[in-house]
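Taking it in order: structure first as structure tokens, then the write-up.
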Amino acid sequence: MEVSDMPARVFVSHSSLDASFADEMVKHLESSGLSCWISSRDISPGSDWAETIYNAISSSSVMLLLYTGNANDSWQIRNELDIATNLKIPIIPVKLETAEVSKGLKYFTNSHQWLDGTGNRKREKLDRVTNAVNRVLGSTAEVNLREDMDGGRPLLPWLTAVLAVIAATVILLLTCSGNSSNTHEHLMNLVAGGSDSWDYATDIIATDECGFIASGTWDWGFWSEAWVAAFDSSGSLLWNWSDSLSGECKPALLPTDDGGVITAFGEYADFQHTGYWVRAVRLDSLGSVDWDQRWRIEWPGTVQPVFGDANLSDSGRVQLAFTLRTMDTRPYHAVHVVSFDDAGQEMRLDTFPNRVEVYSFPSDGIGGHYQVYKDQESSSSGVEHLTPDGVTDGNIIAGDRLSTASCAAVSEDGGIIVLITAERYGAGSGDLVLMKFSQDMALCWEQRYGGEMWDGASDVMLLPDGRILVAGSTKSYGDGSSDGWVLLLDEEGSLIWQKVIDCGGNDGFRAVSVHPDGTILLAGSTTRYGDPDAWLLSMTPEGEFNDTTTLGLDLLTEDWECGFLDQAVWVMGYNRNYTPNFTVDTLTGNTSLDANNVPVVTRSAFLPRPGLSLEASVYVADRPEASGSNWLAMGLTTGDSRDFRNDPIAARELEFRWTYTDGMNGQLPQVTALITRDSTISFTEADDGWLSFGEPQAMSIETCVESMVFRINDSLFCELPVLKPADEDSIRAYLCGSSGSLPHRIDDVRVFLRRW
Numbered sequence: 106m107e108v109s110d111m112p113a114r115v116f117v118s119h120s121s122l123d124a125s126f127a128d129e130m131v132k133h134l135e136s137s138g139l140s141c142w143i144s145s146r147d148i149s150p151g152s153d154w155a156e157t158i159y160n161a162i163s164s165s166s167v168m169l170l171l172y173t174g175n176a177n178d179s180w181q182i183r184n185e186l187d188i189a190t191n192l193k194i195p196i197i198p199v200k201l202e203t204a205e206v207s208k209g210l211k212y213f214t215n216s217h218q219w220l221d222g223t224g225n226r227k228r229e230k231l232d233r234v235t236n237a238v239n240r241v242l243g244s245t246a247e248v249n250l251r252e253d254m255d256g257g258r259p260l261l262p263w264l265t266a267v268l269a270v271i272a273a274t275v276i277l278l279l280t281c282s283g284n285s286s287n288t289h290e291h292l293m294n295l296v297a298g299g300s301d302s303w304d305y306a307t308d309i310i311a312t313d314e315c316g317f318i319a320s321g322t323w324d325w326g327f328w329s330e331a332w333v334a335a336f337d338s339s340g341s342l343l344w345n346w347s348d349s350l351s352g353e354c355k356p357a358l359l360p361t362d363d364g365g366v367i368t369a370f371g372e373y374a375d376f377q378h379t380g381y382w383v384r385a386v387r388l389d390s391l392g393s394v395d396w397d398q399r400w401r402i403e404w405p406g407t408v409q410p411v412f413g414d415a416n417l418s419d420s421g422r423v424q425l426a427f428t429l430r431t432m433d434t435r436p437y438h439a440v441h442v443v444s445f446d447d448a449g450q451e452m453r454l455d456t457f458p459n460r461v462e463v464y465s466f467p468s469d470g471i472g473g474h475y476q477v478y479k480d481q482e483s484s485s486s487g488v489e490h491l492t493p494d495g496v497t498d499g500n501i502i503a504g505d506r507l508s509t510a511s512c513a514a515v516s517e518d519g520g521i522i523v524l525i526t527a528e529r530y531g532a533g534s535g536d537l538v539l540m541k542f543s544q545d546m547a548l549c550w551e552q553r554y555g556g557e558m559w560d561g562a563s564d565v566m567l568l569p570d571g572r573i574l575v576a577g578s579t580k581s582y583g584d585g586s587s588d589g590w591v592l593l594l595d596e597e598g599s600l601i602w603q604k605v606i607d608c609g610g611n612d613g614f615r616a617v618s619v620h621p622d623g624t625i626l627l628a629g630s631t632t633r634y635g636d637p638d639a640w641l642l643s644m645t646p647e648g649e650f651n652d653t654t655t656l657g658l659d660l661l662t663e664d665w666e667c668g669f670l671d672q673a674v675w676v677m678g679y680n681r682n683y684t685p686n687f688t689v690d691t692l693t694g695n696t697s698l699d700a701n702n703v704p705v706v707t708r709s710a711f712l713p714r715p716g717l718s719l720e721a722s723v724y725v726a727d728r729p730e731a732s733g734s735n736w737l738a739m740g741l742t743t744g745d746s747r748d749f750r751n752d753p754i755a756a757r758e759l760e761f762r763w764t765y766t767d768g769m770n771g772q773l774p775q776v777t778a779l780i781t782r783d784s785t786i787s788f789t790e791a792d793d794g795w796l797s798f799g800e801p802q803a804m805s806i807e808t809c810v811e812s813m814v815f816r817i818n819d820s821l822f823c824e825l826p827v828l829k830p831a832d833e834d835s836i837r838a839y840l841c842g843s844s845g846s847l848p849h850r851i852d853d854v855r856v857f858l859r860r861w
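Mind the numbering: the sequence shown is residues 106 to 861 in the numbering used here, read in order.
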């Protein structure tokens, strides 16, 4: 049997104390044509338990977690969930009891849609789980949800058929949206990010020139790097700015009068947990830094600030609302609002106690503010109105402890609309709820949206005509993974249209903006190509979009993935006594180069446009003790390849050089970034704090509009200004070095175009 013809297999994860129901579940699944794997039946005596479990999960198409309170104490279940998560196997958690899920299991299941199986009717449970598995596997062979045999009656066949046709029609209308012929190629649908990092687009604003500015992070997690980039209407890069930060944060954008932006985010506390840093940067319309400020906030016990919202007050001050993650939750729960003027000066800190998390902090238009937050006492979402003096003159708890607010916007009449996801178990689980409140916290109206699974919003804005635009993600209209979701509502919250955009992975939008011409701009992420990548999309005012995805991080030639042995791409230089030395790693197959004082230059020339990048991974075992200079250089040149081969020193124009030999002449290790232009030399040096021996290091050079950016291990080393001559129309990449008695190695050399 061919592998593609093999039936999809379901791995059933359960506590041994729940074996009876697990066996019934397996029988029911297999009676509907599915193949199952369950440890009590499928592990042979004498087998290696751990190896057998791993192989079973890796060859399964989906994992079914049958949860009861017994599962909380099962380390085996945690191990199975860990394997499935690492292998990207879809997980369907089924809650069979109302017991509180342990933190260990929440770690692996918190981002998954839970299926309710707490009812009394066993047959209904079995059918519901079977249908969920079929949906995840993409099967249409769903069974009827029937009552137990001791009561009730099944749905009539004709009614089942009608409901199936209606459901299929709704899903088709939502997901296709009339784009099968793709008549909107001019609209942007851009996915960008590295293959070895998690990348997100977290905010987006329209600009006057029909373009836009977006922000986000690379490598989301303990170490991240914030970026801000300007694009034209087609998604081509105009300029970009980035810098390292530490923290799990979403850089936000606020427009400035000169066409630039202010971006802001928070940074991790120190290891003593005594406080945290707030960072804000103002960039002009060309991406140059006007000012860059950091403020230290002392707050005992702080582990990490989580950025909730940014806005401009009615007085023109920038306001940043943070939630604190702390070592001890009770004493330190508070929301911090950091404010400063548009020059990055006069910082002020206001605190709001008993607030577990802040979701939104918009101005009310008359000097006061609203705050949407998670209340500490009730664990529910709260909404309050604050006067210009910071006094609460209206407060209400919206929803219950299983509901979570996400975003809000102030309406033209001074009231506020708040979006909440109702995370109740059972029917309507995860519905998106929109509530409109007056300034005195009276509920004006309430509307619900979504389907049978989780639906949520990340951003909302009011259009000039009073209509409401919502962006987020939904699991209700696809295969169980999340899809991008956009809704246009009238002034009373009634649905005008909604669009579900499936990019091919777990997709969602985090921010929305609108051009004066009505074009909708969206920023978010997708896992279509593996780890999360940033996703930027534009739509017509009617919700039409381009369903053809463009990769924003492209190799200029696929041959370069093979290394630099391909002579169609690279040209070897000359040296009277030496030749380059190539080695192949027998374990990884990677090709490494010891340049051996011989230049290696690209045969092909490329346009010196913003985003053109050269990157290489450098490995040095240890510092040689031989005399002389041991060094490696990588750079870009506008010279002809023959000129560079004949005289590399004269032909070089931009270089990243790493000199690492102590040697008998006492030379110090250093890194140098050098630009030679019209007899002008600019350089930056650093001590060996930037150097690491015995492990690979990534060094890169990126061309920007008016500068060159040098990075080591994705951290900014330096940025040097450079003005390109008007007649410069091509650029080549080169490598060169002298390894002395101990060869250095270079792997993974690539030249690529970074779209930001």
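All C-beta atoms, glycine included, are put in the ideal place defined by N, C-alpha and C.
Apply the 10 Å Cβ neighbour rule to residue i and answer buried if 16 or more other Cβ atoms are within range, or exposed otherwise.
i	result
D588	buried
T579	buried
S145	exposed
N160	exposed
D255	In this prediction, D255 scores a pLDDT of 34, lower than 50, which makes its location untrustworthy; the coordinate-derived value is nonetheless stated afterwards. D255 comes out exposed.
W603	One point to set straight first is that residue 603 is Gln, not Trp, in the sequence displayed. Buried, because 16 or more other Cβ atoms sit within 10 Å of the Cβ of Q603.
T526	buried
N883	In the structure displayed, the chain extends from 106 to 861; residue 883 sits before or after that span and is not available.
T781	buried
G243	exposed
W180	exposed
R553	exposed
G151	exposed
I522	buried
G470	exposed
G623	exposed
P569	exposed
P621	exposed
E451	exposed
A503	buried
T653	exposed
Between residue i and the rest of its own chain, which residues show a CB-CB distance below 7 Å, the 5 nearest in sequence each way excluded?
i	result
G571	E517 and E596
D638	V296, A297, G298, D304, S630 and T631
G174	E202 and A204
L592	Y554, V575, L600 and Q603
L134	V115, C141, T235 and V238
Whose C-beta lies closer than 8 Å to the C-beta of residue i among residues of the same chain, with five residues either side of it excluded?
i	result
T190	I196 and F213
A306	A319, S320, G321, R615, A616, A628, G629, S630, A639, W640 and L641
E403	T379 and G380
L759	G740, L741, T742, L779, I780, T781, I806, M813 and V827
G421	D446 and D447
M546	V488, E489, H490, G499, N500 and I501
A513	Y464, S465, P467, Y475, V477, V488, I521, I522, V523, L524 and V565
Assuming residue i contacts residue j under a Cβ cut-off of 8 Å, what Cβ separation, rounded to an integer in Å, is found between them?
i	j	result
Y172	V199	6 Å
D414	F466	5 Å
A385	V423	7 Å
S835	A756	Not quite, the Cβ-Cβ distance comes to about 13 Å (not below 8 Å), so this is no contact.
S149	N177	Going by Cβ atoms, the distance from S149 to N177 rounds to 29 Å, so no, they are not a contact pair.
D480	G487	4 Å
W142	R114	6 Å
L170	L186	7 Å
V167	I194	7 Å
What residues in its chain sit with their C-beta under 6 Å from that of residue i, if we drop five residues either side in the sequence?
i	result
L425	A369, A415 and V443
D395	R387 and D389
E489	Q476, T497 and N500
L724	In the sequence as displayed, the identity of residue 724 is Tyr instead of Leu. If we look at Y724 and ignore the five residues flanking it on each side, its Cβ neighbours are P801 and R850.
(request) Report the residue ranges of all beta strand (DSSP E) runs contained in full by the stretch 573 to 637; include only those spanning at least 3 residues, in chain order. (result) Unbroken beta strand (DSSP E) stretches of 3 residues or longer found wholly inside the stretch 573 to 637: 573 to 579, 588 to 594, 600 to 606, 613 to 619 and 625 to 631, given in chain order.
(message) For the pair the stretch 745 to 757 and the stretch 794 to 812, tell me if three or more CB-CB distances fall below 8 Å.
(response) Taking 8 Å as the limit for Cβ pairs, the verdict is that the stretch 794 to 812 does not touch the stretch 745 to 757.
(request) Starting from the N-terminal side, write out each stretch of the beta strand (DSSP E) that is 3 residues or longer and does not extend beyond the stretch 422 to 505. (result) Runs of the beta strand (DSSP E) inside the stretch 422 to 505: 423 to 431, 439 to 445, 453 to 458, 460 to 465, 474 to 480, 486 to 491 and 497 to 503.
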